[in-house]
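Going line by line, the protein sequences match chains A and B. Per the working numbering, the first sequence runs over residues 912 to 1115. Per the working numbering, the second sequence runs over residues 912 to 1115. The beta-carbon is built from N, C-alpha and C at its ideal position, and this holds for glycine as well.
There are 2 protein chains.
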Amino acid sequence: MPRTAAASKPEDLRQAVLDASVKLIESEGLAALSLRRVAKEAGVSHQAPYHHFANREAIFAAIAHEGFAGLAHATREATRVKSARARVRAAVRAYVRIAMERPAHFRIMFRPELVNLMNHSDAKDAAHDAYAALVALGQSLKDDRVAAGLSTQAIVDTLWSACHGAASLVLDGLYSGAKEADPDAVAFGDRVADSMARLMSIDG
Amino acid sequence: MPRTAAASKPEDLRQAVLDASVKLIESEGLAALSLRRVAKEAGVSHQAPYHHFANREAIFAAIAHEGFAGLAHATREATRVKSARARVRAAVRAYVRIAMERPAHFRIMFRPELVNLMNHSDAKDAAHDAYAALVALGQSLKDDRVAAGLSTQAIVDTLWSACHGAASLVLDGLYSGAKEADPDAVAFGDRVADSMARLMSIDG
DNA sequence: TGCGTCGTCTAGACAGTGTCTACTTTGGCG
DNA sequence: CGCCAAAGTAGACACTGTCTAGACGACGCA
């Protein structure tokens, strides 16, 4: 009786570990994640995950990889929006939406105490790709002669800060715990998206 | 021989524990913090801190309290700046500066897996006070008929997001680890501050 | 067929963690 | 002096990540 239903083929266990990890984090918080609980959840011994991940950090790195890939994709989608103003709005909303839909991924991506991207080139490459998507978006805004004539770098940094701040605050800011506030959080994100769109859609 | 030099009077140990915790986090990262290491650092037994803090989370709560108090103070300082544009700039710069000067405090303030503010009313009150300071700043901008006529709530949310995003990215974003980048980080923060100031200083 | 090797998994051990309980010590006050 | 509460010590427990050793099956090759 080698395994339970959770992993019926080799290579299944790898994904099962990732899925169980994300599920556990989303239901009980980051602090609750332990390799042993995940292994138990997946119906294997506490050592089985080590055949697919070098260590605990490698699991986080794999999750961060998934997260950055999703962020890059969403950013590129937003970049395709025609009007500059709507593009800014779409970018901020997408960033916040990703954080809300995959909170475990999002937190892990930006917690260096869990993953040091330097040690995981896959995840690092995905992060750089997400950044590249954001730069392309900033360039498109610059090309549209928008944002009061700010430099491309300034547009990128500022837009990124607004996106990231809104997403972080929705997850871990005053809103967190205070109300389990889905509706409030969505409203917050939309407000920041609309405001940034209006502030940035001034000709330069 | 009850204690070492670290704590020579009662009540000293409390602050010694907090200081040792912050120092340990700043030198080895959040993951390195353990009560037992802190106790050893302070020259007491592994149980001594429990006479000043109910548990590990209470230590984090005390640090978060310090951090929010500093943030509220800095925000109120920035609010005193005369011109609206310079006020925005000062607020963003102050927020980022606080994050860089006290990285351990800043991270703990926004990591619910370490402190649930709901369980620590001191820290929660300090957080609400910091938010109140930010709202006052937003109101002052609204009074100056700035930020393209956005509502006060929109101004507050957007400014907060930009501040928080810039600070978070400087600490835990792509810049982190990539270069240990003090100069780059400062430049990043200044760029966001200048950009937000320009974007927001449009009459409404 | 038999043999060896490799990938996958199990089991046991170790140091380190937060926290519970039980104790000793110490300083101040009636 | 005697007492007590505050402050500190020591030991134990369950739990963690990770090291080491082994078991088991599938596979290629003689």
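Would you tell me roughly how many angstroms separate the C-alpha atoms of Ala1078 (chain B) and Gly954 (chain A), rounded to the nearest one? As a working mapping, residue 1078 (chain B) is identified with position 167 in the second sequence. As a working mapping, residue 954 (chain A) is identified with position 43 in the first sequence. Approximately 41 Å between the Cα atoms of the pair.
Close beta carbons around Ala1001 (chain A), own chain, < 6 Å, minus the five adjacent residues each side: For this step, residue 1001 (chain A) is matched to residue 90 along the first sequence. Within the same chain, Ala1001 (chain A) has close Cβ partners Ala989 and Val992.
Starting from the beta carbon of Leu941 (chain B), find every residue of chain A whose beta carbon is closer than 7 Å, and list them in chain order. In the second sequence, counting from the first residue as 1, residue 941 (chain B) sits at position 30. Going along chain A in sequence order, the residues near Leu941 (chain B) (Cβ under 7 Å) are Glu1024.
Does the structure place the segment 1013-1029 of chain B close enough to the segment 975-983 of chain B that three or more beta carbon pairs sit under 8 Å? yes
Residue interval of the alpha helix (DSSP H) (run including Val1007 (chain A)): Taking the first residue of the first sequence as 1, we reach residue 1007 (chain A) at position 96. Looking at the DSSP string, the run of the alpha helix (DSSP H) that includes Val1007 (chain A) is Ala995 to Glu1012.
For a test of the three-state rule: what should DSSP assign to Gly940 (chain B), helix, strand or coil? One-based indexing of the second sequence puts residue 940 (chain B) at position 29. Correct three-state label for Gly940 (chain B): coil.
Neighbouring residues, chain A, relative to Asp1068 (chain B) (Cβ below 8 Å): Position 157 of the second sequence, counting from 1, holds the residue named residue 1068 (chain B). What Asp1068 (chain B) touches in chain A: Ala1077, Phe1099, Arg1102, Val1103 and Ser1106.
Among A:Gly1084, A:Asp1054, A:Asn1030 and A:Ala980, which one has its Cα closest to the Cα of His1039 (chain A)? Along the first sequence, read from residue 1 onward, the residue named residue 1039 (chain A) stands at position 128. For the residues A:Gly1084, A:Asp1054, A:Asn1030 and A:Ala980, the minimum Cα distance to His1039 (chain A) belongs to A:Ala980.
Among B:Val949, B:Cys1074 and B:Arg1004, nearest to Asp1101 (chain B) - alpha-carbon criterion: Position 190 of the second sequence, counted from the start, is the residue given in the question as residue 1101 (chain B). Among B:Val949, B:Cys1074 and B:Arg1004, the Cα nearest to that of Asp1101 (chain B) belongs to B:Arg1004.
Does the segment 953-967 of chain B come within contact of the segment 1008-1021 of chain B, defined as at least 3 CB pairs closer than 8 Å? no
Residue span of the alpha helix (DSSP H) that contains Leu1028 (chain A), given as start and end: In the first sequence, the residue the question calls residue 1028 (chain A) occupies position 117. Run containing Leu1028 (chain A): none; DSSP gives neither H nor E here.
Please compile the residues from chain A whose C-beta is within a distance smaller than 9 Å of the C-beta of Ile1113 (chain B). Within the second sequence, the letter at position 202 stands for residue 1113 (chain B). By Cβ distance, chain A contributes Ala1059, Leu1110 and Ile1113.
Proximity winner among B:Phe971, B:Leu924, B:Val1081 and B:Ala959, relative to Ala942 (chain B) (alpha-carbon distances): Start at 1 with the first residue of the second sequence, and residue 942 (chain B) comes out as number 31. Checking every option, the nearest Cα to that of Ala942 (chain B) belongs to B:Phe971.
Count the other C-beta atoms from every protein chain shown that fall within 10 angstroms of the C-beta of Gly1060 (chain B), then say buried if there are 16 or more, exposed otherwise. Position 149 of the second sequence holds residue 1060 (chain B). Exposed, by the Cβ-count rule.
Kindly indicate which three-state DSSP category Arg1056 (chain A) falls into: helix, strand or coil? As a position in the first sequence, residue 1056 (chain A) is number 145, starting the count at 1. Residue state, collapsed to three classes: coil.
With distances taken Cα to Cα, identify the nearest neighbour of Arg987 (chain B) among B:Arg1008, B:Ala1047 and B:Asp1095. Numbered from its first residue, the second sequence carries residue 987 (chain B) at position 76. Taking only the C-alpha atoms, the option nearest Arg987 (chain B) is B:Ala1047.
Do we get a CB-CB distance below 8 Å when we pair Leu1052 (chain A) with the residues of chain B? Reading the first sequence from its first residue, position 141 is the one you call residue 1052 (chain A). Not one chain B Cβ lies under 8 Å of Leu1052 (chain A).
Which value, in whole angstroms, describes the spacing of the CA atoms of Lys951 (chain B) and Glu937 (chain B)? The residue labelled residue 951 (chain B) in the question sits at position 40 within the second sequence. The residue labelled residue 937 (chain B) in the question sits at position 26 within the second sequence. One C-alpha to the other measures close to 17 Å.
In chain order, what residues of the same chain have a beta carbon less than 6 Å from the beta carbon of Ala1015 (chain A), not counting five sequence neighbours either side? Position 104 of the first sequence, counting from 1, holds the residue named residue 1015 (chain A). Closer than 6 Å at the Cβ level, and outside the excluded window around Ala1015 (chain A), lie Val933, Ile936 and Glu937.
Cross-chain neighbours of Asp1083 (chain A) in chain B, by beta carbon under 8 Å: Within the first sequence, residue 1083 (chain A) is the residue found at index 172, counting from 1. The contacting residues are Phe1021, Arg1022 and Pro1023.
Exposure label - Arg1056 (chain B); buried when at least 16 CB within 10 Å: By 1-based counting over the second sequence, the position of residue 1056 (chain B) is 145. Classification for Arg1056 (chain B): exposed.
In chain order, what residues of the same chain lie with their CB nearer than 7 Å to the CB of Ala931 (chain A), ignoring the 5 residues before and after it? On the first sequence, residue 931 (chain A) is found 20 positions in, with the first residue counted as 1. Correct list, in chain order: Val949, Glu952 and Ala953.
Asp923 (chain A): buried (16+ other C-beta within 10 angstroms of its C-beta) or exposed? On the first sequence, residue 923 (chain A) is found 12 positions in, with the first residue counted as 1. With fewer than 16 Cβ atoms within 10 Å of its Cβ, Asp923 (chain A) is classed as exposed.
Can you find a C-beta in chain A that's less than 8 Å from the C-beta of Ala1034 (chain B)? Here residue 1034 (chain B) refers to the residue found at position 123 of the second sequence. No, Ala1034 (chain B) does not count as interfacial toward chain A.
Note down, in chain order, every chain A residue with its Cβ under 7 Å from the Cβ of Leu1080 (chain B). As a first step, residue 1080 (chain B) must be located in the second sequence, where it is residue number 169. Ordered by position in chain A, the residues that pass the 7 Å Cβ test against Leu1080 (chain B) are Trp1071, Ser1072 and His1075.
Could you check the C-alpha separation between Gly1076 (chain B) and Ser1072 (chain A) for me, to the nearest Å? Looking up residue 1076 (chain B) in the second sequence gives position 165. Looking up residue 1072 (chain A) in the first sequence gives position 161. Approximately 4 Å between the Cα atoms of the pair.
Might you give, ordered along the chain, the residues of its own chain that have their beta carbon closer than 8 Å to the beta carbon of His957 (chain B), omitting 5 neighbours on each side? Your numbering for residue 957 (chain B) matches position 46 in the second sequence. Leu946, Arg947, Ala950 and Lys951, listed in sequence order.
Please confirm if Lys1090 (chain A) has its CB atom under 8 Å from at least one CB of chain B. Taking the first sequence and counting its residues from 1, the one referred to as residue 1090 (chain A) is at position 179. Any reading at Lys1090 (chain A) must be qualified, since the residue scores a pLDDT of 46, below 50, and its modelled position is unreliable; no value is offered.
Would you say Ala969 (chain A) faces chain B, with C-beta separation under 8 Å as the test? By 1-based counting over the first sequence, the position of residue 969 (chain A) is 58. Not closer than 8 Å to any Cβ of chain B, the Cβ of Ala969 (chain A) fails to qualify, so no.
Tell me which residues share the same chain as Ala983 (chain A) and place their Cβ nearer than 6 Å to its Cβ, disregarding the 5 neighbours each side in the sequence. Locating residue 983 (chain A) in the first sequence gives position 72, counting from the first residue. Closer than 6 Å at Cβ, skipping near neighbours: Asp1040, Ala1041 and Ala1044.
Going by C-alpha distance, which of B:Arg925, B:Ala1098, B:Asp1083 and B:Leu944 is nearest Phe1017 (chain A)? Translated into positions along the first sequence, residue 1017 (chain A) becomes position 106. That would be B:Asp1083, whose Cα lies nearest to the Cα of Phe1017 (chain A).
For the alpha helix (DSSP H) containing Ile970 (chain A), list its first residue and its last residue. For the purposes of this step, residue 970 (chain A) is taken as the residue at position 59 of the first sequence. Counting along the chain, the alpha helix (DSSP H) containing Ile970 (chain A) begins and ends at Arg967 to Thr990.
Taking 6 Å as the limit between beta carbons, can you name the residues of its chain near Ala1089 (chain A), skipping five residues before and five after? Here residue 1089 (chain A) corresponds to residue number 178 of the first sequence, with the count starting at 1. Residue confidence is low: Ala1089 (chain A) scores 48 on pLDDT, short of 50, so the model does not pin down where it sits. Its coordinate-derived value is still stated next. Here the set comprises nothing.
Any heavy atom of the ligand COA inside 7 Å of the beta-carbon of Ser1072 (chain A)? This structure simply doesn't include the ligand COA, nor any ligand for that matter.
Using the C-alpha atoms, what's the distance from Ala959 (chain B) back to Gly1049 (chain B)? Sequence index remark: in the second sequence, residue 1049 (chain B) carries index 138 (1-based). Sequence index remark: in the second sequence, residue 959 (chain B) carries index 48 (1-based). The alpha-carbon atoms of Gly1049 (chain B) and Ala959 (chain B) are separated by roughly 44 Å.
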